[in-house]
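Quick note: the sequence shown, position 86, residue 95 per the working numbering, numbers continuous. Right, one structure below, let's go through it.
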Amino acid sequence: MVTPGRRDEYPWACPELDPGLGYDGRMQIYLDDQTCDIQGRTLHDVLDAAGERLVPRKRIIVEVEINGRTLGPEEIDDEGSHELSPDAMVRLVSADPLELVVQMLEQTRTELLAARDHQHEAAEFFQQDEPAKALAKIGQAVGVWQRLPEAVVHTVRYTGLDLDEMRVDQQPASLVIRTMIDRLGQFKALIEAGDSVAMADTLAYEWPEVVDQWDRLLRELVERVNAMR
């Protein structure tokens with residue numbers, strides 16, 4: 010049961026509904042568990058209105074549920090223009106985007122440390138002449154490496170941080186990212202060539218420092234985003 014009227018806890022939330030707001034008593038819309046007076050024929054209409062309500066609090070919608078069914082981004086795009094049924098129940102959850110960015114960066118750091126272990130184990134398997142096991146470990150590490158630039162892109166999108174202005178090991182962060190992407194491309198070439206000796210050497214002697222540098226970059230991003238909150 011939703012308890013309306015907690016506006017002291019949720020100053021961005023919607024006022025309690027009453028007949029004077031034109032609510033027809035059927036469609037129910039909740040924003041952060043608060044009954045909401047925003048109306049709309051479609052889900053996109055409702056999301057636009059809720060987004061405007063959240064602007065002063067610098068929050069964004071992060072979860073959408075209709076009649077007990079949680080919608081993902083693709084479902085929102087596909088169904089967003091459809092007219093909502095008169096008895097629909099729409100629940101929206103908001104969050105501080107900077108908090109979400111910090112959580113994402115910290116999770117990425119955790120995955121990066123796991124990738125470091127995968128790299129080390131892959132190098133050992135190559136040295137033990139067990140290429141199949143080595144390649145399995147490389148596959149796990151590469152998945153993390155590929156997500157690193159994506160995490161930075163999302164950070165910049167939500168914060169507006171200037172990667173050319175930020176320094177990591179005396180280098181612009183943008184250069185560190187480009188170098189990582191280039192090295193990943195070079196390593197993929199080694200995989201395609203089946204050069205196990207070169208892969209073992211690269212993993213053992215080059216990539217540990219690459220991972221350490223990326224960890225320093227992520228730490229710097231976390232510090233800067235936290236300073237913005």
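C-beta: ideal position from N, C-alpha, C; glycine also. Values in this document were obtained by computation on a predicted structure and should not be read as measured data.
6 angstroms Cβ shell around residue i - same chain, five flanking residues per side excluded
i, result
"TRP154", "LEU193"
"ALA131", "ALA143, LYS146, ILE147 and LEU212"
"ARG125", "VAL220"
"SER103", "ASP41, LEU63, ARG68 and ILE70"
C-alpha distance - residue i paired with residue j, whole-angstrom precision
i, j, result
"PRO28", "VAL55", "Here the model assigns PRO28 a pLDDT of 38, short of 50, so the residue's position is not dependable and the matter cannot be decided."
"PHE135", "MET237", "45 angstroms"
"SER183", "ASP204", "30 angstroms"
"GLY77", "ARG62", "23 angstroms"
"ALA123", "GLN149", "9 angstroms"
"GLY31", "THR44", "With a pLDDT of only 42 at GLY31, under the threshold of 50, the placement of this residue in the model should not be trusted; the figure read from the coordinates follows. Going by the C-alpha atoms only, they are around 14 angstroms apart."
"PRO82", "ILE70", "11 angstroms"
"ASP138", "ALA207", "13 angstroms"
"LEU121", "TYR214", "17 angstroms"
"ALA160", "PHE196", "21 angstroms"
"ASP87", "LEU80", "10 angstroms"
"ALA141", "VAL64", "52 angstroms"
"LEU107", "ASN235", "8 angstroms"
"GLN180", "ASP210", "25 angstroms"
"GLU72", "ASP57", "14 angstroms"
"GLU84", "GLU74", "11 angstroms"
"VAL231", "HIS127", "24 angstroms"
"ASP173", "ARG66", "29 angstroms"
"THR188", "GLU133", "25 angstroms"
"ALA198", "THR119", "27 angstroms"
Same chain only: Cβ atoms within 8 angstroms of residue i, ignoring 5 sequence neighbours per side
i, result
"ARG233", "THR168, LEU170 and MET175"
"HIS163", "VAL110 and MET113"
"ILE200", "LEU144, ILE147 and MET208"
Integer-rounded CB distance, given that residue j should sit under 8 angstroms from residue i
i, j, result
"ARG68", "ASP105", "6 angstroms"
"ILE186", "PRO158", "6 angstroms"
CA nearest to the CA of residue i, picked from the options
i, options, result
"HIS129", "ARG118, ALA143 and GLN116", "ALA143"
"ASP224", "THR117, GLN43 and GLY77", "THR117"
"GLU229", "ALA202, LEU114 and LYS146", "LEU114"
"ARG100", "VAL111, ARG66, ASP86 and ASP46", "ASP46"
"ILE190", "VAL151, ARG125 and LEU80", "VAL151"
"ILE38", "ILE85, ALA97 and ASN235", "ALA97"
"ARG156", "ARG66, VAL231 and LEU227", "LEU227"
Cβ-based neighbour list, residue i, same chain, cut-off 7 angstroms, excluding 5 preceding and 5 following
i, result
"GLN222", "VAL177, ASP178 and VAL185"
"PRO95", "ARG35 and MET36"
"ALA59", "LEU40, ILE47, ILE70 and LEU101"
For the 8 angstroms Cβ check, are there 3 or more pairs between the segment 44 to 58 and the segment 81 to 97? yes
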